[in-house]
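S.K.:
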Amino acid sequence: MYQTYDTLKHRWARVKDFINYTQPKEFWRDANIYLRKLTKNLIEDTLDEEMTQYQQRERYQRTEVRLDYRNGYYKRNLDTAVGPIEAILIPRSRHGLFKPRVFEHYQRRQQAVNDVICNVFLRGISTRDVAEALKPILGTTISASAVSRITKRLDYNVKEFHQRKLLDEYQFLFLDGITISVKGSLKAKKILVLVAYGITIFGKKELIAFRIANAESTTACESFLNDLFRRGLAGGNLKMIITDGSKGFISAIELVYPHARHQRCWVHKLRNATKHLKKAELKPFKADARKIYNASTHREAVASFKALRKNWKNAAPEAVNCLERDLDELLSFLTIPIKEQYRAFIRRQIRTTNIIERSFREVRRRTKPMGCFTNYDSVSRIIYAIFNRLNSKWQKKPLKQFTQFI
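Going by this note's numbering, the sequence shown runs without a break in its numbering and finishes at 480.
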């Protein structure tokens, strides 16, 4: 059907008005209004079609068998990715059995909106600030309690993360814990989140698991490692386990992974050793210690330690004893055969727990605005979300050097 000249002229005039806007925000405001109208019409047309299919007859069509009757409409608002849509007409059946499939019962927000709220919250914005941050985009106000309810949907993902099967492909396992504050009955208390970080035989980094514990005790650490073993991490490819010197983890490793090499973190050990030094002694002592962990071979490292002991046994005997007591575990990283061109890089990664501490910085950055968590479930949701995001980022960036062993 041909359109008249007046109709085409009228439409072209509207387009010219659109083009002649001096403020871009006016263009996008009108565009969003138009999109919301289109979305509303699409939803209402879809709902009417669903009602027609439910009744198995067209409107006003008479049939011998009638399943139900139309009973007018009721109105509902819905927050969508294009903004809030108000007064959507939803058809109602007389027997109340019609259930629309466009959205769930009592749903007030599109799933895409819930995903945006979750992502903004998990990026470090508090529940009270999410509404202010998203109002210019979504065009609606979201309460702090609504944000909390939306983030509770992560509980299923957290449970799935804790129960998923693990492949026995990890060659390095880093174990550590991070302290977080949680509200108690009378006052806030500190809890510990035990974390396992692994590097696979394909060089992929992964935060494998976490568990909330009251302390870094042998019982808690053994239970944590047993769960990893039960889910598939049997240690068939495990070259080394790296810890910060926690007695709980050390005892648990001997029980669950007795054949794995154990590496003590040099950063934590030097931190403990230098507590016995005077301020003027710190730099020269660390310089001598640096010769030990930068040695090319195990024999050279032992010789460097003997030189350190000779220089410092009278001036700082306690610092020397602190290193000597765990020297075998401190030098374990030198016993793994590695191709020469990748040796320096890999040894630097596995002689400390710095690689997992960098992940903890992201956790602290996210949890700092919250101050204190309400309960253990909220802790699990935040930790899972951070770990999931980091794992997704690392998926495409494997450490190729960790595939180059002799």
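All C-beta atoms in this analysis are idealised placements derived from N, C-alpha and C, irrespective of residue type, glycine included. Treat the numbers as computed from the prediction; the structure is a model and nothing was measured.
My understanding is that residue 436 touches residue 460, with C-beta atoms under 8 angstroms, so please give their C-beta distance in whole angstroms.
M.R.: Reading the sequence shown from its first residue, position 362 is the one you call residue 436. Reading the sequence shown from its first residue, position 386 is the one you call residue 460. Yes, they are in contact, since the Cβ atoms of residue 436 and residue 460 sit about 6 angstroms apart, within 8 angstroms.
S.K.: Based on DSSP bridge pairs, tell me the residues matched to residue 144.
M.R.: Position 70 of the sequence shown, counting from 1, holds the residue named residue 144. Residue 144 pairs with 167.
S.K.: What does the alpha-carbon distance come out to for the pair residue 246 and residue 174?
M.R.: Stepping through the sequence shown from its first residue, residue 246 is reached at position 172. Stepping through the sequence shown from its first residue, residue 174 is reached at position 100. In this model, residue 246 and residue 174 are separated by some 51 angstroms (Cα to Cα).
S.K.: State the Cα-Cα distance for the pair residue 431 and residue 387, rounded to the nearest angstrom.
M.R.: Start at 1 with the first residue of the sequence shown, and residue 431 comes out as number 357. Start at 1 with the first residue of the sequence shown, and residue 387 comes out as number 313. C-alpha separation (whole angstroms): 32 angstroms.
S.K.: Considering only residues of the same chain and omitting the five flanking positions on each side of residue 96, which have a CB-CB separation below 7 angstroms?
M.R.: Translated into positions along the sequence shown, residue 96 becomes position 22. Note that residue 96 scores a pLDDT of 48, beneath 50, so its modelled location is shaky and nothing firm can be said.
S.K.: Taking DSSP as the reference, what is the three-state secondary structure of residue 117?
M.R.: For this step, residue 117 is matched to residue 43 along the sequence shown. Looking at residue 117 - three-state DSSP - the assignment turns out to be helix.
S.K.: Bridge partners for residue 244 per DSSP, in chain order?
M.R.: Within the sequence shown, the letter at position 170 stands for residue 244. 274.
S.K.: Under the three-state reduction of DSSP, which class applies to residue 255: helix, strand or coil?
M.R.: Stepping through the sequence shown from its first residue, residue 255 is reached at position 181. The answer is strand: DSSP assigns residue 255 an E or B state.
S.K.: Pop quiz: residue 239 and residue 162 are said to be a contact at Cβ under 8 angstroms. What is the actual Cβ separation, rounded to whole angstroms?
M.R.: As a first step, residue 239 is located in the sequence shown; it is residue number 165 there, counting from the start. As a first step, residue 162 is located in the sequence shown; it is residue number 88 there, counting from the start. With a Cβ gap of about 43 angstroms, residue 239 and residue 162 do not count as contacting.
S.K.: With a Cβ-Cβ cutoff of 7 angstroms, do residue 281 and residue 465 count as a contact?
M.R.: Locating residue 281 in the sequence shown gives position 207, where the first residue counts as 1. Locating residue 465 in the sequence shown gives position 391, where the first residue counts as 1. Result yes, Cβ atoms of residue 281 and residue 465 sit closer than 7 angstroms.
S.K.: Note down, one range per segment and in chain order, each alpha helix (DSSP H) of at least 4 residues found wholly within the region 359–432.
M.R.: Correct list: 372–386, 391–399, 401–404 and 414–424.
S.K.: Residue 264 bridges to which residues according to DSSP?
M.R.: Position 190 of the sequence shown, counted from the start, is the residue given in the question as residue 264. Answer is 255.
S.K.: How should residue 402 be labelled, buried or exposed, when 16 other C-beta atoms within 10 angstroms of its C-beta is the threshold for buried?
M.R.: Indexing the sequence shown from 1 puts residue 402 at position 328. So residue 402 ends up on the exposed side.
S.K.: In the DSSP output, which residue or residues are listed as bridge partners for residue 250?
M.R.: If you number the sequence shown from 1, residue 250 lands on position 176. Per DSSP, 269.
S.K.: Just the C-alpha distance for residue 396 and residue 192, rounded to the nearest angstrom, thanks.
M.R.: Along the sequence shown, one-based indexing puts residue 396 at 322. Along the sequence shown, one-based indexing puts residue 192 at 118. Computed Cα separation, rounded: 47 angstroms.
S.K.: Work out the CA separation of residue 392 and residue 256 for me, nearest whole Å.
M.R.: Against the sequence shown, residue 256 aligns to sequence position 182. Against the sequence shown, residue 392 aligns to sequence position 318. Taking the straight line joining both Cα atoms gives about 37 angstroms.
S.K.: Assign residue 302 to one of three DSSP states: helix, strand, or coil.
M.R.: Sequence index remark: in the sequence shown, residue 302 carries index 228 (1-based). DSSP places residue 302 in helix when its eight states are reduced to three.
S.K.: If you drop the 5 nearest sequence neighbours on each side, which residues of the same chain put their C-beta closer than 6 angstroms to that of residue 454?
M.R.: What you label residue 454 is simply residue 380 of the sequence shown in a count that begins at 1. Within its own chain, the residues whose Cβ lies closer than 6 angstroms to the Cβ of residue 454, once the five positions on either side in sequence are excluded, are 232, listed in chain order.
S.K.: Comparing C-alpha positions only, which one of 269, 348 and 254 sits nearest to residue 262?
M.R.: As a position in the sequence shown, residue 262 is number 188, starting the count at 1. When each option's Cα is compared against that of residue 262, the closest is 254.
S.K.: Residue ranges of each beta strand (DSSP E) run of no fewer than 3 residues wholly in the region 282–353, ordered along the chain?
M.R.: 314–317 and 335–338
S.K.: Residue 345: buried (16+ other C-beta within 10 angstroms of its C-beta) or exposed?
M.R.: The sequence position of residue 345 within the sequence shown is 271, counting from 1. Looking at its Cβ environment, which holds fewer than 16 other Cβ atoms inside 10 Å, residue 345 is exposed.
S.K.: Would you kindly check if the distance between the Cβ of residue 242 and the Cβ of residue 306 is under 7 angstroms?
M.R.: Counting from 1 along the sequence shown, the entry for residue 306 is found at position 232. Counting from 1 along the sequence shown, the entry for residue 242 is found at position 168. The answer is yes: Cβ separation under 7 angstroms.
S.K.: How big is the Cα-Cα spacing for residue 475 and residue 418?
M.R.: As a position in the sequence shown, residue 475 is number 401, starting the count at 1. As a position in the sequence shown, residue 418 is number 344, starting the count at 1. When rounded, the distance between both Cα atoms is 10 angstroms.
S.K.: Per the DSSP calculation, residue 123 is bridged to which residue(s)?
M.R.: Here residue 123 is taken as the residue at index 49 of the sequence shown, counted from 1. Paired residue(s): none; residue 123 is not in a bridge.
S.K.: Since residue 280 sits in a beta bridge, which residues does DSSP pair it with?
M.R.: Residue 280 sits at position 206 when you count from the first residue of the sequence shown. DSSP output for residue 280 lists 272 as bridge partner(s).
S.K.: Quick one: give me the first and last residue of the alpha helix (DSSP H) that residue 233 is part of.
M.R.: Position 159 of the sequence shown, counted from the start, is the residue given in the question as residue 233. Following the DSSP letters along the chain, one finds residue 233 inside the alpha helix (DSSP H) bounded by residues 229–237.
S.K.: Below 8 angstroms on the Cβ atoms is my guess for residue 381 versus residue 362; work out the distance and round it to an integer in Å.
M.R.: Stepping through the sequence shown from its first residue, residue 381 is reached at position 307. Stepping through the sequence shown from its first residue, residue 362 is reached at position 288. Yes, residue 381 and residue 362 are in contact; Cβ-Cβ is about 7 angstroms, under 8 angstroms.
S.K.: Would you mind working out which of 470, 451, 473 and 371 sits nearest residue 225, comparing C-alpha positions?
M.R.: The sequence position of residue 225 within the sequence shown is 151, counting from 1. Selected option, being the one with the closest Cα: 451.
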